[in-house]
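Colleague: Heads up: the sequence shown begins at 12 in this note's numbering, then just goes up one per residue. First, the structure itself, so that you have it in front of you.
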Amino acid sequence: MRTITPATCTAIILNYNGYEDTLACLHSIEMLQSKPRRIIVVDNGSPNNSVQMMLQHWPKRQPPTVITGQELIDPNCLPKAEYILLTLAQNCGYAAGNNRGICLAMRDTDCNALWILNNDTELDQKALEHLCDSLNDDAEAGIAGSTQVYTGTDIVQCAGGASINRWLGSTRSLKEACKLHDILQCAPQKLNSQIDFNAGASMLIRSEVFEQVGLIPEEYFLYYEDVDYGVSVKKAGFHLVWARDSIVYHHDGSSTRKQRGVAPAWVDFLILRNRLYFVKKHFLKSVPSAILGYVCVAFNRIRRGQISRLKIIFPAIIDALCGNMGMSDRAKSIARTEVLAYPQTSQNKHLKFSLIVATYNHVKRLKKLLQSLRCQSYRQFETIIVDQNPAGFLNQLLEEVKDINIKVVRIDPRGVSYARNVGLALATGDVVAFPDDDCWYAPDTLTKVNSILCGNEQIGGLLVAWADMPQHITEQQLTLTDRINAFSRGETFVQFYRKEVVKDITFDPELGPGTGLPYGCGEDTDFLLQALASNVIVARTNEVLVYHPRPNLKDPALLKKTAAYACGRMRLLQKHKFPLWFKLVNVAFPLAKAIQEGKPAWSYRWAMFVGRLKGLLNK
Numbered sequence: 012m013r014t015i016t017p018a019t020c021t022a023i024i025l026n027y028n029g030y031e032d033t034l035a036c037l038h039s040i041e042m043l044q045s046k047p048r049r050i051i052v053v054d055n056g057s058p059n060n061s062v063q064m065m066l067q068h069w070p071k072r073q074p075p076t077v078i079t080g081q082e083l084i085d086p087n088c089l090p091k092a093e094y095i096l097l098t099l100a101q102n103c104g105y106a107a108g109n110n111r112g113i114c115l116a117m118r119d120t121d122c123n124a125l126w127i128l129n130n131d132t133e134l135d136q137k138a139l140e141h142l143c144d145s146l147n148d149d150a151e152a153g154i155a156g157s158t159q160v161y162t163g164t165d166i167v168q169c170a171g172g173a174s175i176n177r178w179l180g181s182t183r184s185l186k187e188a189c190k191l192h193d194i195l196q197c198a199p200q201k202l203n204s205q206i207d208f209n210a211g212a213s214m215l216i217r218s219e220v221f222e223q224v225g226l227i228p229e230e231y232f233l234y235y236e237d238v239d240y241g242v243s244v245k246k247a248g249f250h251l252v253w254a255r256d257s258i259v260y261h262h263d264g265s266s267t268r269k270q271r272g273v274a275p276a277w278v279d280f281l282i283l284r285n286r287l288y289f290v291k292k293h294f295l296k297s298v299p300s301a302i303l304g305y306v307c308v309a310f311n312r313i314r315r316g317q318i319s320r321l322k323i324i325f326p327a328i329i330d331a332l333c334g335n336m337g338m339s340d341r342a343k344s345i346a347r348t349e350v351l352a353y354p355q356t357s358q359n360k361h362l363k364f365s366l367i368v369a370t371y372n373h374v375k376r377l378k379k380l381l382q383s384l385r386c387q388s389y390r391q392f393e394t395i396i397v398d399q400n401p402a403g404f405l406n407q408l409l410e411e412v413k414d415i416n417i418k419v420v421r422i423d424p425r426g427v428s429y430a431r432n433v434g435l436a437l438a439t440g441d442v443v444a445f446p447d448d449d450c451w452y453a454p455d456t457l458t459k460v461n462s463i464l465c466g467n468e469q470i471g472g473l474l475v476a477w478a479d480m481p482q483h484i485t486e487q488q489l490t491l492t493d494r495i496n497a498f499s500r501g502e503t504f505v506q507f508y509r510k511e512v513v514k515d516i517t518f519d520p521e522l523g524p525g526t527g528l529p530y531g532c533g534e535d536t537d538f539l540l541q542a543l544a545s546n547v548i549v550a551r552t553n554e555v556l557v558y559h560p561r562p563n564l565k566d567p568a569l570l571k572k573t574a575a576y577a578c579g580r581m582r583l584l585q586k587h588k589f590p591l592w593f594k595l596v597n598v599a600f601p602l603a604k605a606i607q608e609g610k611p612a613w614s615y616r617w618a619m620f621v622g623r624l625k626g627l628l629n630k
């Protein structure tokens with residue numbers, strides 16, 4: 012094996028829509044004590060202005076030599092530049108993008124190793140030197156992986172790589188969540204035997220590995236290609252090692268837009284599909300057990316409140332078994348329908364809002380809502396209060412807030428659904444919404460909803476996020492609502508609709524509180540499902556714009572309501588003809604949530620489970 016030094020290494024950095032991360036990574040390389048002989052940045056067909064911005068802000072005075080994917084066809088093309096920017100015409104996936112850079116680098120006969128780096132990494136000053144040392148210390152070592160640490164913390168993401176469960180295809184990062192100080196006391200030799208693959212965010216690969224094993228497999232598009240390659244490299248007789256002192260800080264998930272650690276649905280689909288495909292490719296006898304393991308996957312999605320993700324599991328299995336790989340039409344469809352454009356500035360259009368509030372016996376809480384409306388930065392709205400209280404019950408409160416445009420209609424108590432229907436008939440706005448009498452709005456709620464609806468004219472309805480206290484969202488995102496994910500956040504008080512698209516929709520007077528019937532909830536999701544059935548495009552934003560108190564799980568009155576809530580849910584599923592599997596998921600959901608929430612929630616969740624089970628059996 013050839014001796015590896017930084018001067019014989021070429022770094023490959025793949026960029027996709029992440030020029031800021033890439034530039035930070037390049038700055039980090041500039042700070043290394045010993046730099047690689049060449050740095051190749053591969054832009055994987057970024058649709059944004061990544062190439063222009065990288066060229067404009069390149070960390071060296073001498074700009075990089077730019078070559079295109081078309082020029083790469085020429086086998087003699089290898090600029091003698093320290094920095095090369097290779098621009099590809101389209102996003103061909105993680106492996107294919109890196110492979111284009113690897114092929115270019117391998118044309119240099121003095122290049123003895125390739126350093127594969129994620130663009131969202133920043134490096135310790137001796138990161139490359141320690142990777143070289145680890146390869147030189149083991150004559151059979153083919154790949155060395157760094158100690159990856161979550162950026163801004165001392166928490167380890169992985170020690171060089173991970174192990175594989177050969178029966179399920181799942182992976183476990185070595186020493187994940189340990190403290191960096193503790194990890195640095197470990198002997199790499201004791202851990203190397205557990206490494207089944209090196210983590211792709213930072214790994215140094217000998218050129219002999221590519222000559223003997225070939226390039227990184229490209230069929231996965233994203234995720235599991237490093238797993239596959241590690242297994243293939245070990246089968247070829249090379250060792251995989253951990254370069255303990257090579258510290259790399261990793262911003263996990265930046266290229267796939269992770270939110271609060273949760274990957275988008277299309278990424279989830281690719282991971283589930285690629286995992287089974289990997290098992291079929293390398294451990295064929297484990298395919299039945301791997302498929303059975305997707306039962307646990309389904310349970311975890313329920314536990315996390317990701318019921319909408321259940322619908323991608325079976326297609327992922329089918330695609331894996333059929334070899335429908337890459338960024339397939341199915342994966343593109345999931346990605347296309349999941350994310351919409353999020354307006355960055357307020358639009359010139361001004362929609363009028365009709366806020367319909369059905370109220371009964373909630374003076375203090377209603378006052379908080381009306382005060383929040385008084386503080387709205389957007390003023391084009393009317394408030395329609397449908398009062399089911401005795402005559403005069405709200406007089407003092409209404410006198411205090413008479414500066415707000417309020418219409419009041421009093422009716423005898425007949426339930427929240429009937430009251431909202433009365434309010435709908437009186438609404439004159441362009442947009443209708445249904446705030447509960449115990450919720451309240453953020454000061455910019457109507458401003459932001461107006462901006463989103465005006466910026467996306469195809470959207471007929473919008474669901475906003477809610478919480479019991481203000482929360483900060485680092486990156487706003489719009490996704491589409493469907494029949495399944497409607498249940499994860501379909502409360503009435505977060506729903507906003509263009510009036511024209513719901514003019515023929517009403518609340519079911521048999522569902523919801525106050526009807527005198529046993530169906531104490533479901534009117535909110537029922538209205539949303541009716542809208543979806545009418546082909547209304549309903550988006551959802553992850554930005555918290557409405558606040559509502561969370562239920563007190565210790566309140567005995569809540570347990571009394573639970574049976575009514577459970578009956579309402581099962582009645583709703585029956586009305587909209589949901590399949591049996593989804594009904595069973597709804598029955599099992601309270602048990603999964605009880606495990607997640609802990610002992611304080613057990614009584615409430617058990618009552619919900621029993622109620623839903625009875626509702627299922629008494630259909």
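We put the beta carbon where it would ideally sit given N, CA and C, even for glycine.
Alpha carbon to alpha carbon, how far is Y429 from L628? Give it in angstroms, no decimals.
Modeller: Between L628 and Y429, the C-alpha separation is close to 29 Å.
Colleague: Classify Q196 as buried or exposed, calling it buried when 16 or more other Cβ atoms lie within 10 Å of its own Cβ.
Modeller: It is exposed - the Cβ of Q196 has fewer than 16 other Cβ atoms within 10 Å.
Colleague: Should the region 307 to 315 be called in touch with the region 239 to 256, which here means at least 3 C-beta pairs below 8 Å?
Modeller: No, because fewer than three Cβ pairs between the region 307 to 315 and the region 239 to 256 fall closer than 8 Å, the two stretches do not touch.
Colleague: Kindly indicate which residue of V557, Q488, P424, K413 has the alpha-carbon position closest to the one of D447.
Modeller: When only C-alpha atoms are compared, the closest one is V557.
Colleague: Apart from the five residues on each side of it in sequence, which residues of its chain come closer than 6 Å, Cβ to Cβ, to S57?
Modeller: Closer than 6 Å at the Cβ level, and outside the excluded window around S57, lie Y27, N28.
Colleague: Measure the alpha-carbon distance for H250 versus A152 and round it to whole angstroms.
Modeller: Each residue's alpha carbon lies about 4 Å from the other.
Colleague: Under the rule that 16 or more other beta-carbon atoms within 10 Å means buried, what is W592, buried or exposed?
Modeller: It is exposed - the Cβ of W592 has fewer than 16 other Cβ atoms within 10 Å.
Colleague: For N147 and C20, I'd like the C-alpha separation in whole angstroms.
Modeller: So the alpha carbons of these two residues sit roughly 13 Å apart.
Colleague: Within the same chain, show all residues whose beta-carbon is closer than 6 Å to that of V259, passing over the 5 residues directly before and after it, in chain order.
Modeller: Around V259: T132, L134, A138, S157, Q159, S213.
Colleague: So, are the CB atoms of G525 and P601 less than 8 Å apart?
Modeller: The answer is no: Cβ separation not under 8 Å.
Colleague: Which partner residues of L125 appear in the DSSP bridge assignment?
Modeller: According to DSSP, which records beta bridges pairwise, L125 is partnered with T21, I216.
Colleague: Straight-line CA distance for A395 to G533?
Modeller: Residue 395 is actually Ile in this sequence, not Ala. Cα to Cα, I395 sits roughly 22 Å from G533.
Colleague: Run the CB neighbour count on F325, radius 10 Å, all protein chains shown included, and call it buried at 16 or more, exposed below.
Modeller: The residue is exposed, with fewer than 16 neighbouring Cβ atoms inside 10 Å.
Colleague: Do you know whose CA, among A599, Y576, P199, T458, lies nearest P562's CA?
Modeller: Comparing Cα positions, the closest option is Y576.
Colleague: Tell me whether Y27 sits in a helix, a strand or coil according to DSSP, three-state version.
Modeller: Of the three classes helix, strand and coil, the one that applies to Y27 here is coil, per DSSP.
Colleague: In this structure, does DSSP put T477 in helix, strand or coil?
Modeller: Position check: residue 477 holds Trp in this sequence, whereas Thr was assumed. Note: W477 maps to strand in three-state DSSP.
Colleague: In whole angstroms, what separates the C-alpha of N461 from that of A402?
Modeller: Roughly 35 Å separates the two Cα atoms.
Colleague: In this structure, what does DSSP give as the bridge partners for A254?
Modeller: S157.
Colleague: How about L191 and D149: are their beta carbons less than 8 Å apart?
Modeller: Contact flag unset, no.
Colleague: Can you say whether T14 is buried or exposed, counting buried as having 16 or more other CB atoms within 10 angstroms of its CB?
Modeller: Looking at its Cβ environment, which holds fewer than 16 other Cβ atoms inside 10 Å, T14 is exposed.
Colleague: Would F364 and L457 qualify as a contact pair, given that the criterion is a beta-carbon distance under 8 Å?
Modeller: In this structure, L457 lies closer than 8 Å to F364 by Cβ.
Colleague: Between the C-alpha atoms of E31 and E41, what's the straight-line distance to the nearest angstrom?
Modeller: Rounded to whole angstroms, E31 to E41 spans 16 Å at the Cα level.
Colleague: Taking 8 Å as the threshold (C-beta atoms), are A106 and E229 in contact?
Modeller: Yes, the pair counts as a contact, with Cβ atoms nearer than the cut-off.
Colleague: For my contact list, N209 and G172 are in at a C-beta cut-off of 8 Å; report their separation, rounded to the angstrom.
Modeller: The pair is a contact, with the Cβ atoms about 4 Å apart (cut-off 8 Å).
Colleague: Our contact map puts T503 next to D535 with C-beta atoms below 8 Å; I'd like the distance itself, whole angstroms only.
Modeller: Sure, about 4 Å apart at Cβ, within 8 Å.
Colleague: The beta strand (DSSP E) that contains I78, what's its start and end?
Modeller: Note, I78: beta strand (DSSP E), 76 to 79.
Colleague: Go ahead and label S39 buried or exposed: buried means 16 or more other beta carbons lie within 10 angstroms of its beta carbon, across all protein chains shown.
Modeller: Burial call: buried.
Colleague: Just the C-alpha distance for A178 and Q607, rounded to the nearest angstrom, thanks.
Modeller: The identity of residue 178 in the sequence shown is Trp, whereas the question assumes Ala. Going by the C-alpha atoms only, they are around 26 Å apart.
Colleague: Tell me which same chain residues have a C-beta within less than 6 Å of the C-beta of L570, skipping the five on either side of it?
Modeller: Around L570: A618.
Colleague: Would you call the CB atoms of Y7 and Q399 closer than 8 Å?
Modeller: A question about residue 7 goes unanswered here, because the residues of the chain that appear run from 12 up to 630.
Colleague: Just how far apart, CA to CA, sit N332 and N110?
Modeller: Position check: residue 332 holds Leu in this sequence, whereas Asn was assumed. L332 and N110: Cα-Cα distance of roughly 26 Å.
Colleague: Taking the straight line between their C-alpha atoms, what separation do you get for K296 and V244?
Modeller: Cα-Cα distance, rounded: 21 Å.
Colleague: Looking only at its chain, what residues have a beta carbon closer than 6 Å to the beta carbon of A574, apart from the 5 residues adjacent to it on each side?
Modeller: The answer, listed in chain order, is G622.
Colleague: Taking Cβ positions, are L215 and A124 nearer each other than 8 Å?
Modeller: Yes, the Cβ-Cβ distance between L215 and A124 is below 8 Å.
Colleague: Check whether the Cβ atoms of I23 and G112 lie closer than 8 Å to each other.
Modeller: Against a cut-off of 8 Å, the Cβ pair of G112 and I23 comes out as a contact.
Colleague: Going by C-alpha to C-alpha distance, which of V505, R582, K246, P75 sits closest to A453?
Modeller: Among V505, R582, K246, P75, the Cα nearest to that of A453 belongs to V505.
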